[in-house]
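Everything on this sheet refers to the single structure shown next.
There are 2 protein chains.
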Amino acid sequence: MAQRPHVVIVGGGFGGLTCAQSLADEPVDVTLIDSRNHHLFQPLLYQVAMAGLSPAEIAAPIRSVLHEQRNASVLLAEVEAVDLTSREVKLVGAERDSLRFDYLVLAAGAQNHYFGHDDWARYAVGLKDLDDAVEIRRRVLVAFEAAECMHDPVEQKRLLTFVVVGGGPTGVELAGALGELARVVLARDFRRINPASAQVILLEGGERILTSFPEKLSKRATRDLAGLGVEVRAGTRVTRIDETGVFLGDQHIPSATVLWAAGVRASDLTRGLGVPLDRTGRVLVQADLTLPNHPSVFAVGDMTSFLHQGGSPLPGTSPVAMQQARHVAHNVMASLRGQPMLPFQYVDKGSMATIGRAAAVAQLGSLKLGGFLAWLLWLAVHIFFLITFRNRFAVLFNWAYSYFTYKRGARLITGHRLTAGPSRSSLALAPVAESAPPPAPTGSGPQQAPPR
Amino acid sequence: MAQRPHVVIVGGGFGGLTCAQSLADEPVDVTLIDSRNHHLFQPLLYQVAMAGLSPAEIAAPIRSVLHEQRNASVLLAEVEAVDLTSREVKLVGAERDSLRFDYLVLAAGAQNHYFGHDDWARYAVGLKDLDDAVEIRRRVLVAFEAAECMHDPVEQKRLLTFVVVGGGPTGVELAGALGELARVVLARDFRRINPASAQVILLEGGERILTSFPEKLSKRATRDLAGLGVEVRAGTRVTRIDETGVFLGDQHIPSATVLWAAGVRASDLTRGLGVPLDRTGRVLVQADLTLPNHPSVFAVGDMTSFLHQGGSPLPGTSPVAMQQARHVAHNVMASLRGQPMLPFQYVDKGSMATIGRAAAVAQLGSLKLGGFLAWLLWLAVHIFFLITFRNRFAVLFNWAYSYFTYKRGARLITGHRLTAGPSRSSLALAPVAESAPPPAPTGSGPQQAPPR
Chain A
88 MAQRPHVVIV
98 GGGFGGLTCA
108 QSLADEPVDV
118 TLIDSRNHHL
128 FQPLLYQVAM
138 AGLSPAEIAA
148 PIRSVLHEQR
158 NASVLLAEVE
168 AVDLTSREVK
178 LVGAERDSLR
188 FDYLVLAAGA
198 QNHYFGHDDW
208 ARYAVGLKDL
218 DDAVEIRRRV
228 LVAFEAAECM
238 HDPVEQKRLL
248 TFVVVGGGPT
258 GVELAGALGE
268 LARVVLARDF
278 RRINPASAQV
288 ILLEGGERIL
298 TSFPEKLSKR
308 ATRDLAGLGV
318 EVRAGTRVTR
328 IDETGVFLGD
338 QHIPSATVLW
348 AAGVRASDLT
358 RGLGVPLDRT
368 GRVLVQADLT
378 LPNHPSVFAV
388 GDMTSFLHQG
398 GSPLPGTSPV
408 AMQQARHVAH
418 NVMASLRGQP
428 MLPFQYVDKG
438 SMATIGRAAA
448 VAQLGSLKLG
458 GFLAWLLWLA
468 VHIFFLITFR
478 NRFAVLFNWA
488 YSYFTYKRGA
498 RLITGHRLTA
508 GPSRSSLALA
518 PVAESAPPPA
528 PTGSGPQQAP
538 PR
Chain B
88 MAQRPHVVIV
98 GGGFGGLTCA
108 QSLADEPVDV
118 TLIDSRNHHL
128 FQPLLYQVAM
138 AGLSPAEIAA
148 PIRSVLHEQR
158 NASVLLAEVE
168 AVDLTSREVK
178 LVGAERDSLR
188 FDYLVLAAGA
198 QNHYFGHDDW
208 ARYAVGLKDL
218 DDAVEIRRRV
228 LVAFEAAECM
238 HDPVEQKRLL
248 TFVVVGGGPT
258 GVELAGALGE
268 LARVVLARDF
278 RRINPASAQV
288 ILLEGGERIL
298 TSFPEKLSKR
308 ATRDLAGLGV
318 EVRAGTRVTR
328 IDETGVFLGD
338 QHIPSATVLW
348 AAGVRASDLT
358 RGLGVPLDRT
368 GRVLVQADLT
378 LPNHPSVFAV
388 GDMTSFLHQG
398 GSPLPGTSPV
408 AMQQARHVAH
418 NVMASLRGQP
428 MLPFQYVDKG
438 SMATIGRAAA
448 VAQLGSLKLG
458 GFLAWLLWLA
468 VHIFFLITFR
478 NRFAVLFNWA
488 YSYFTYKRGA
498 RLITGHRLTA
508 GPSRSSLALA
518 PVAESAPPPA
528 PTGSGPQQAP
538 PR
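Top to bottom, those sequences are chains A and B.
Sequential numbering of the first sequence, starting at 88, is according to this note's numbering.
Sequential numbering of the second sequence, starting at 88, is according to this note's numbering.
Shown next, in the form of structure tokens:
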């Protein structure tokens, strides 16, 4: 074991990365593990999904972010298990050592939650990482392309019908951006179809969208969405999703592109910890963010349930994760110095959601903003929080370009060959990956037999 | 059939797109078909492969490029077959019509050529499109990551050995960028390995690299490559490639990352045309760029073999494709007006190749340039030819950032989960796609059982 205390952090998102950075000048060794090499600025993931930004503009290699921090190491690895008794983190892959820790910080985040209908995942893509975002982008763009060639009007309508499930901030942002893509960005790009005729439907099970915002702002958002051609249907429950579209009980919405923003649950890492979890698998952390009976094991962010004053859990947002992360760093050092650890107190700095290019809703305490002013505030806040100088400038430039020219720079279809499909258009459906050949010589000619 | 003559163009690369644009103000209807939605600036593809640029910075949606051109339609589709007798282009997918043409321009490009060893494609990734480039990037970055965790020194060395097969401009550019990545960009990002100790080997079957350049420039390039840590081995023939590395007869180079730049052959589209082809499947076009006995069917670019004065075929480069494309547009209009079509004459404006960030070789007639000056010229030429304003600015900005800060902005590993592999490190090898589960809820926790 290293001479200095070893802090192992699982996860390089807002929680894990902030915690590592908060320990920069402390007499500890930090090892941060993530199964991806980059930190992702998730609030802007929907922009990648709607072809407004490129992946590299919202992500930074974790090594890059931490490379000046001499006490930090980064490992690209998957965690197989966490053994709290032997104080080891086991990594996937037999040649890899287990990591022994003195302190452990779990920040593994959340994943999409299909409420027991994991089979829907194939048809309804979630939005948790860059691969999701690029896949959504692919399906959306391919749907328009396929509609351009489609002569059957019923199928064409299905291709031009987009459904977003879930009326929280993610769903609202996706739906707004999708409406904008159809009505503004793609408007003149097609000859046979009119992209503006695309139907975007936002489904929400509750009484209104954005239930975590004041009702006045929900109404504002609904109006702004309507202006972008998005139809909001509240009080609707999805009973089934398949390759034909979405079922709401007896009602069927034929759609080729369904996006899932209806719920998240904790990373599966929580299952093996042997501590109490809530209904979505989140760890019920103590007031000082430790696990019960494990004073040197902490958890932060979306994989945790921290009961706020009044007993409701804090939301899974980046400010929560970041504040918790800094607090954990403080508590680790307190523990090392033999001082008492402090309970965590969340300072609510407000929340916001965008609707399209020039509108948003934002609330801070009793301050409620809507429209363009809220959008400017959203822009400033998000730019400020982006990780590197370059990303800030690139994002600003891209937005400026997009704003003034209505173009979408990142409007590429990559990653899959077109499905050489059966008689109905399968371009917009489940990806080809399952049957895709291994990387083969490519060309723009007809698909050749894959080499094996 | 449309009232105006219908020109169908297969392929949206330099040849196809330039041809479409050259017909912008003519009294014809143009339909451009490509199986991808974007035009790719291939000369900069190696920059994406080496994490210097993002895909969106070197590609533009074809619709975007052509959306102001009222006589042009774009179809995202794969060509199943070309029927020269009935003058139809059949598209993949039963619900899609065949396209009837009055004039046909084939510009389907080239694909990687493994000289009869298509099984090597799995281990040696080529560089013909964005998916290739992103895959190369993934393998290269994962190799460094895996080496960081690797305790077995033999396997670690294998992971830090990179082989580029093919000493033409593509191979030279890849190898130089790879050397630069290892020695400069990643230099301080790792704690256990020293990325600068990575070995980059460029294999060339001929007597020297860059055989299409004067010998003096080949020597210059070899020296510059050595400065970036790239070892050039000329006069070597690869006899086998597998998951352990590369075999040169009895000699074995253990390597986890092999890049293929050794040859191209024509798109498979040429096979069904019923016209004479050369050894790499290229169409032997007439002097006026038509197919023999088909005066209204043209072919341009990498899928053709046009015999230059002296009998040697023109190289598969973008200036050749673009000049041919403009000439075809001219000949189509001549044919429509009942005038004679003209033979094509290629004007050689020189060629260039870069070596790393600040060096290149360039030749124009008897003018030979090397070093930084050649690199500036290369930069100017490539920026000028990029498709859209935004791309030019973004590329310039990225390069300026990269040049002054030695950072690589686009250094993301996307597109695949880490392989939960067998006992040897399989991170850098064949992609997971074959056994990957369908899109499933994701998280940064351990891989969960795939939903089915």
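Idealized CB from N, CA, C, for every residue including glycine.
Please give the ranges of any alpha helix (DSSP H) in the segment 386-426 of chain A, keeping only runs that are unbroken, at least 4 residues long and fully inside the region.
405-423
So which residues of chain B does Ile500/A contact, with C-beta pairs closer than 8 Å?
Numbered from its first residue, the first sequence carries residue 500/A at position 413. Neighbours of Ile500/A on chain B, chain order: Arg123, Asn124, His125 and Leu163.
Given a threshold of 16 other Cβ atoms within 10 Å of its Cβ, counted over all protein chains shown, does Pro518/B qualify as buried or as exposed?
Here residue 518/B corresponds to residue number 431 of the second sequence, with the count starting at 1. Confidence is the limiting factor: at Pro518/B the pLDDT is only 31, short of 50, which leaves the residue's position unreliable, though a coordinate-based value still follows. Pro518/B should be labelled buried.
Under 9 Å Cβ-Cβ, which residues of chain A neighbour Ser392/B?
One-based indexing of the second sequence puts residue 392/B at position 305. In chain order: nothing, as chain A lies at least about 16 Å away.
Under 8 Å between beta-carbons, which chain B residues line up against Leu131/A? List them in chain order, please.
In the first sequence, the residue the question calls residue 131/A occupies position 44. Chain B residues near Leu131/A: none, gap ~14 Å exceeds 8 Å.
Report buried or exposed for His339/B, applying the criterion of at least 16 other Cβ atoms within 10 angstroms of its Cβ.
Residue 339/B sits at position 252 when you count from the first residue of the second sequence. So His339/B ends up on the exposed side.
Rounding to the nearest angstrom, what Cα-Cα distance links Ile403/A and Pro379/A in this structure?
The residue you call residue 403/A lines up with position 316 of the first sequence. The residue you call residue 379/A lines up with position 292 of the first sequence. In the sequence under discussion, the amino acid at residue 403/A is Gly, which differs from the Ile named in the question. Spanning the two alpha carbons is a distance of roughly 21 Å.
Checking contacts by CB at 9 Å: is Val221/A closer than that to chain B?
Taking the first residue of the first sequence as position 1, residue 221/A is located at position 134. Cβ-Cβ to chain B under 9 Å: yes for Val221/A.
Ser383/B by DSSP, collapsed to three states: which one?
The residue labelled residue 383/B in the question sits at position 296 within the second sequence. DSSP places Ser383/B in strand when its eight states are reduced to three.
Check the C-beta distance from Ile145/A over to Asp121/A and give it rounded, since I have them as a contact under 8 Å.
Position 58 of the first sequence, counted from the start, is the residue given in the question as residue 145/A. Position 34 of the first sequence, counted from the start, is the residue given in the question as residue 121/A. About 16 Å; that fails the 8 Å criterion.
With 9 Å set as the bound, which would you pick, yes or no: does the beta-carbon of Ala233/B sit closer than that to a beta-carbon of chain E?
The chain labelled as chain E is not found among the protein chains of the depicted structure, namely A and B.
Would you decide whether Glu294/A is buried or exposed? Buried here means 16 or more other CB atoms lie within 10 Å of its CB.
Here residue 294/A corresponds to residue number 207 of the first sequence, with the count starting at 1. By the 10 Å Cβ count, Glu294/A comes out exposed.
By how many angstroms is the C-alpha of Lys436/A removed from the C-alpha of Phe409/A?
Against the first sequence, residue 409/A aligns to sequence position 322. Against the first sequence, residue 436/A aligns to sequence position 349. Checking the sequence, you will find Met at residue 409/A rather than Phe. Taking the straight line joining both Cα atoms gives about 12 Å.
Sorted by chain position, which residues of the same chain lie with C-beta nearer than 7 Å to Arg539/A's C-beta, five sequence neighbours on each side aside?
The sequence position of residue 539/A within the first sequence is 452, counting from 1. Residue confidence is low: Arg539/A scores 30 on pLDDT, short of 50, so the model does not pin down where it sits. No coordinate-derived value is stated.
Since I believe Ala412/A is in contact with Ala194/A (beta carbons under 8 Å), could you give me their beta-carbon distance rounded to a whole number of angstroms?
As a position in the first sequence, residue 194/A is number 107, starting the count at 1. As a position in the first sequence, residue 412/A is number 325, starting the count at 1. Taking the Cβ atoms as the reference, Ala194/A lies roughly 7 Å from Ala412/A, within the contact range of under 8 Å.
Name, going along the chain, the residues of the segment 200-226 of chain A whose beta-carbon falls closer than 8 Å to a beta-carbon of chain B.
His200, Tyr201, Asp205, Asp206, Ala208, Arg209, Val212, Gly213, Lys215, Asp216, Leu217, Asp218, Asp219, Val221 and Glu222
At 8 Å on the CB atoms, spell out the chain A contacts of Asp435/B, in chain order.
Position 348 of the second sequence, counting from 1, holds the residue named residue 435/B. Neighbours of Asp435/B on chain A: none; closest Cβ ~26 Å, over 8 Å.
Taking C-alpha atoms, which residue in Phe484/B, Thr344/B, Leu297/B and Asp239/B lies nearest to Ala440/B?
Residue mapping note: residue 440/B aligns to position 353 of the second sequence, counting from 1. The candidate whose alpha carbon is nearest that of Ala440/B is Leu297/B.
For Gly292/A, decide whether its Cβ has a neighbour in chain B, counting only Cβ atoms nearer than 9 Å.
The residue you call residue 292/A lines up with position 205 of the first sequence. Interface flag for Gly292/A against chain B is unset, since no Cβ pair is found closer than 9 Å.
Below 8 Å on the Cβ atoms is my contact criterion, and I expect Arg498/A with Ser151/B to pass it. Report the Cβ-Cβ distance as a whole number of Å.
Position 411 of the first sequence, counting from 1, holds the residue named residue 498/A. Position 64 of the second sequence, counting from 1, holds the residue named residue 151/B. With 8 Å as the limit, Arg498/A and Ser151/B qualify as a contact, their Cβ atoms being about 7 Å apart.
How about Val287/B and Val317/B: do their beta carbons lie closer than 9 Å?
Residue mapping note: residue 287/B aligns to position 200 of the second sequence, counting from 1. Residue mapping note: residue 317/B aligns to position 230 of the second sequence, counting from 1. Yes, these two residues count as a Cβ contact at 9 Å.
On the three-state DSSP scale, how would you describe Gln90/A?
Position 3 of the first sequence, counted from the first residue, corresponds to residue 90/A. For Gln90/A, the secondary structure class from DSSP, reduced to helix, strand or coil, is coil.
Does chain B have any CB closer than 9 Å to the CB of Asp184/A?
Counting from one through the first sequence, the residue named residue 184/A turns up at place 97. Yes, Asp184/A counts as interfacial toward chain B.
Using a beta-carbon distance cut-off of less than 7 Å, what residues from the segment 145-164 of chain A approach chain B?
Ala146, Pro148, Arg150, Ser151, His154, Ser160, Leu162, Leu163 and Ala164
How big is the Cα-Cα spacing for Ser383/A and Pro400/A?
As a first step, residue 383/A is located in the first sequence; it is residue number 296 there, counting from the start. As a first step, residue 400/A is located in the first sequence; it is residue number 313 there, counting from the start. The alpha-carbon atoms of Ser383/A and Pro400/A are separated by roughly 22 Å.
Checking 9 Å against the spacing of the C-beta atoms, do Ala107/B and Val97/B come in under that value?
In the second sequence, residue 107/B corresponds to position 20, counting from 1. In the second sequence, residue 97/B corresponds to position 10, counting from 1. When the beta-carbon positions are compared, Ala107/B and Val97/B stay at least 9 Å from each other.
Just to confirm before moving on: does the CB-CB distance between Ala274/B and Phe249/B stay below 9 Å?
Sequence index remark: in the second sequence, residue 274/B carries index 187 (1-based). Sequence index remark: in the second sequence, residue 249/B carries index 162 (1-based). Contact: no.
Taking the alpha-carbon positions, what's the Ser510/B to Ser354/B distance?
To locate residue 510/B, count along the second sequence from 1; it is residue 423. To locate residue 354/B, count along the second sequence from 1; it is residue 267. Annotation note: pLDDT 25 at Ser510/B (below 50); position unreliable, no value reported.
Please classify Arg123/A: is it buried, with 16 or more other beta-carbons within 10 angstroms of its beta-carbon, or exposed?
Taking the first residue of the first sequence as 1, we reach residue 123/A at position 36. Under this definition Arg123/A is a buried residue.
Is the Cβ of Ala107/A closer than 9 Å to any Cβ of chain B?
As a working note, residue 107/A is residue 20 in the first sequence. Answer no: the Cβ-Cβ gap between Ala107/A and chain B never drops below 9 Å.
The alpha helix (DSSP H) with Trp347/A in it runs from where to where?
Here residue 347/A refers to the residue found at position 260 when the first sequence is read from its first residue. Note, Trp347/A: premise wrong, no alpha helix (DSSP H); beta strand (DSSP E) at Thr344 to Trp347.
I'd like to know whether the C-beta of Phe101/A is nearer than 9 Å to at least one C-beta of chain B.
Translated into the one-based positions of the first sequence, residue 101/A becomes position 14. Taking Cβ atoms only, chain B never reaches closer than 9 Å to Phe101/A, which makes this a no.
For Asp375/A, return the contacting residues in chain B, with the cut-off set at a CB-CB distance below 9 Å.
As a first step, residue 375/A must be located in the first sequence, where it is residue number 288. Within 9 Å Cβ-Cβ: nothing; Asp375/A doesn't reach chain B, min ~23 Å.
Looking at the unbroken alpha helix (DSSP H) that takes in Val229/A, where does it start and where does it end?
As a first step, residue 229/A must be located in the first sequence, where it is residue number 142. Per DSSP, Val229/A belongs to the alpha helix (DSSP H) from Leu217 to Cys236.
Any chance the segment 391-398 of chain B sits against the segment 350-370 of chain B, with 3 or more Cβ pairs inside 8 Å?
yes
In chain B, which residues lie with their C-beta within 9 Å of the C-beta of Asp276/A?
For this step, residue 276/A is matched to residue 189 along the first sequence. Pro148, Arg150, Ser151, Leu153, His154 and Val161, listed in chain order.
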